[in-house]
Amino acid sequence: MSERDVRADVGAPDGAGGGNASRRGSVLVSLFFIVAGIVTLYDTTTYTDVDSKVFPRAAAILLIVAAAISLITDRVRGAREEGFGQGDWWRRALLIASMLACCLAMPLTGFLPAAAIAFTGALVAAMHPRWSVRHAWLYGISGAVLMAGFYALFRYGLHVPLP
Amino acid sequence: MEAGSFLAALTPLNLLLALAGVAAGTLIGSIPGLTATMAVAVLVPITFTMEPASALILLGAIYTGAIYGGAYAAILLNTPGTPSAIATTFDGYPMAQRGEGDLAVALACFASVAGGLVGALALLFLAPPLSRVALAFGPVEYFWLAIFGLSLIAALSSGALWKGLAGGAFGLILSSVGVAEVSADIRLTFGSQTLIGGFGVVGALIGLYCIPVLIDLVAVPERHLKIADEIDTMPIGRAARLAWGSKVNLARSSVIGTLVGILPGAGGSVAGLVAYSEAKRNAGPEQRFGQGEPDGIIATESANNATVGGGFIPTLVLGIPGTPPDAVILGALLVQGVRTGPALFESGGGSIAYTFIYGLLIATVLMLPVGLLVGRYAYRSIVTIPKAMLVPGVAFMTVIGTFAIHNSVSDVTLMILLGVFGWVVGRFGFSASPIVLGLILGPIAEQGFVQGWIIGSAMEDLTGMFFGRPLSLAIIAFTLLSLCWPAYAVRRRTRSKARARAGAGMAPP
């Protein structure tokens, strides 16, 4: 078993001191930026006005050069970033998925039910102690009051047309 | 007339309105997504039935309170409540993480009051001469000012300069998504209707700063912020001493904020970044900016609140709003029958203008007790609230706050995706701050550059246009200084350490 595998097993932050996964991640981000720069350069060829091209082109060239140098330095010196670190992946995924689900549901269900999806997902993701009936009631009612209060503030106080 | 205006500002009703305005502004500004512009805009209709002076005092108080309120979320949640508080996150959140959140909030209050007073006093005494500075700024100066702001990337990315530059360039590209600033080309939308409006700054700020914090928070059971081992019962006294000890930084940042506030379109975010950069450049070797350095908060918060008074200078003297909330207040002035312009202070509207300025000064002073009280309560709430309620509560506020900007679900989706992107790249050393800098300063830089280019081409003197104007040259000099300073500071530290080691080696045992 390699040192990296052991570190992964105990949940230690991968990459401190230049772990392979961290270096790979850093290289992938640099490559993504280089590709983004190339795509921007290609997109500028479709603009009709020269004034529209100058700035994105300059930024794209800077992006490509900076990302390429960053990639080379990471390869030579080794990335010193912490990588994705410790923690439960399902909680992170649940948080992001519930927030995106809220966006998808909003046009269909209206604001409050959609926001309730995000709230519930985030609540389950962030709840580390063991659930109890008291917790469920307390957090459920508090969440409902919070959402209803902010909904009323935005909708009727600030006149934001919430769906 | 001035004594009469001062007394008019001191009526019980005006004092009450100033107090209520500061409190309301502070609360609205502390909610991510609700900007100072929005706070002023939604409350303008309430003022239409009031006396002109009272109405303006209320609006000024809301504005100044909202700029300060942005610091709470920046310090306690790493999310700038308003764009003006971007640089407050750099040192505010690290201070909160190590258990000094109450001190950071109190420090932000003292700095905001000091900056607000400097800006308001400049408005009272120096409005006409300072408004001429605004007129001296052409597109090229705006371009160089944006480049100066971008040079902060060098200071923010010590040890990872190329990653910082890549992030900054990516932010510039994100800022050019949508319809072009000067011509009407549609850029980088790839046929998507969602992207035609581009990336909104406030939504991007919420996504890039807040979502990564939420993603990290849910993954582990540890508390959100560390509670100090020893409860500091008097953080206010400590904050006052710290602020007084940094009086040079406080004065310099307040002046920077006032001057940047005078420039139409620049605003509190640019002021905060420039002041932060200068504070870092002038820092002592023991100061660690970006790791919870109190001077970072002092610089940013004094500068962004100084833009309130500074922004009113061109608004009142020239009729050109310095910042977006000034534009809303300018509209309210017109509704009240006050005609702005060079003759305002001599004409009949002058008494209203002076009453408003005194009202702004009083509101800024009132911000001290209100801010300290609300700040302490906000800190205790955030520290003691269980994570299982904090995370969904903040997630809900990011959704509703982002939606409220343009009433658009697409903005919310972009905010979340940008946040996830920011979290991923952040784990590999590509910090979110350079991306945000590029996103904010990109439009200012592009518009200034293209307009300068067009004017320079028409005059057949591009070099003179970009490098021949005294103001431009001064900003270029500051930019070069800002870029080279981190390398110089490292070299100076290394040399002094080497000298100290050599001295210790030569000393008798």
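Protein sequence lines, in the order shown, are assigned to chains A and B.
Residue 19 is where the first sequence starts when you use our numbering, and the numbers rise one by one after that.
Residue 415 is where the second sequence starts when you use our numbering, and the numbers rise one by one after that.
Backbone N, C-alpha and C fix where the C-beta goes; we use that ideal spot for every residue, glycine too.
This one's a predicted model, so the numbers in the text were calculated from it and none came from an experiment.
Chain A contact for residue i (CB, 7 Å cutoff)
i, result
"B/A921", "Here B/A921 scores only 49 on pLDDT, less than 50, and its place in the model is too uncertain to base an answer on."
"B/V788", "no"
"B/R794", "no"
"B/E874", "no"
"B/L602", "yes"
"B/F462", "no"
"B/S590", "yes"
"B/L421", "no"
Range of the contiguous alpha helix (DSSP H) that encloses residue i
i, result
"B/Q511", "500-511"
"A/A85", "68-95"
"B/G556", "This sequence places Tyr at residue 556 of chain B; Gly is not what is there. Segment 553-564, the alpha helix (DSSP H) holding B/Y556."
"B/L853", "846-873"
"B/P626", "625-633"
"B/E692", "681-695"
"A/S160", "151-170"
"B/T877", "876-881"
"B/K820", "The displayed chain sequence assigns His, not Lys, to residue 820 of chain B. Residues 801-820."
"B/G617", "615-619"
"A/R109", "107-127"
"B/N663", "661-676"
"B/Y486", "466-491"
"B/L588", "575-589"
"B/P824", "Going by the sequence as given, residue 824 of chain B is Ser instead of Pro. B/S824 -> alpha helix (DSSP H) spans 823-840."
"B/P459", "450-461"
"B/L427", "426-443"
Contact with chain B by residue i, beta-carbon distance below 7 Å
i, result
"A/P179", "yes"
"A/V94", "no"
"A/G43", "yes"
"A/S88", "yes"
"A/A77", "yes"
"A/L118", "yes"
"A/R173", "no"
"A/L126", "no"
"A/T58", "yes"
"A/L176", "yes"
"A/S70", "yes"
"A/L130", "no"
"A/L164", "yes"
"A/G105", "yes"
"A/I114", "yes"
"A/L80", "yes"
"A/D23", "Model confidence at A/D23 stands at a pLDDT of 38, short of 50, so the residue's coordinates are unreliable; what they give is reported in the following sentence. No - not a single Cβ of chain B is within 7 Å of the one on A/D23."
"A/F168", "yes"
"A/V47", "yes"
For residue j and residue i, believed in contact at Cβ under 8 Å, the rounded distance
i, j, result
"B/P523", "B/V808", "The residue asked about is misnamed: residue 523 of chain B is Cys in this sequence, not Pro. Going by Cβ atoms, the distance from B/C523 to B/V808 rounds to 22 Å, so no, they are not a contact pair."
"B/F557", "B/G866", "6 Å"
"B/V834", "A/I135", "About 17 Å separates the two Cβ atoms, so there is no contact after all."
"B/I819", "B/V616", "5 Å"
"B/L619", "B/V850", "6 Å"
"B/T893", "B/F420", "Their Cβ separation, rounded to whole angstroms, is 42 Å, which puts B/T893 and B/F420 out of contact at 8 Å."
"B/A846", "B/L622", "4 Å"
"A/A143", "B/V813", "About 15 Å; that fails the 8 Å criterion."
"A/S160", "B/M811", "14 Å between Cβ atoms; not a contact."
"B/L564", "B/G582", "6 Å"
"B/V797", "B/L631", "That pair is no contact at about 14 Å."
Residue i and residue j closer than 7 Å at C-beta
i, j, result
"A/A85", "A/I52", "yes"
"B/V456", "B/I476", "no"
"B/T588", "B/P708", "Note that residue 588 of chain B corresponds to Leu in the displayed sequence, not to Thr. No, Cβ-Cβ distance for B/L588 and B/P708 is not below 7 Å."
"B/G495", "B/Y793", "no"
"A/D61", "B/D599", "no"
"A/L89", "A/G55", "no"
"B/T502", "B/A487", "no"
"B/A685", "B/V669", "no"
"B/L559", "B/I890", "no"
"B/F817", "B/V826", "yes"
"B/I676", "B/P728", "yes"
"B/G852", "B/G585", "yes"
"B/T478", "B/A469", "no"
"B/A525", "B/V784", "no"
"B/I650", "B/L490", "no"
Chain D within 7 Å of residue i, Cβ atoms only
i, result
"A/R110", "This model lacks chain D altogether, as its protein chains are A and B."
| query | Residue ranges of each alpha helix (DSSP H) run of no fewer than 4 residues wholly in the region 713-742 of chain B, ordered along the chain? | reply | Runs of the alpha helix (DSSP H) inside the region 713-742 of chain B: none found.
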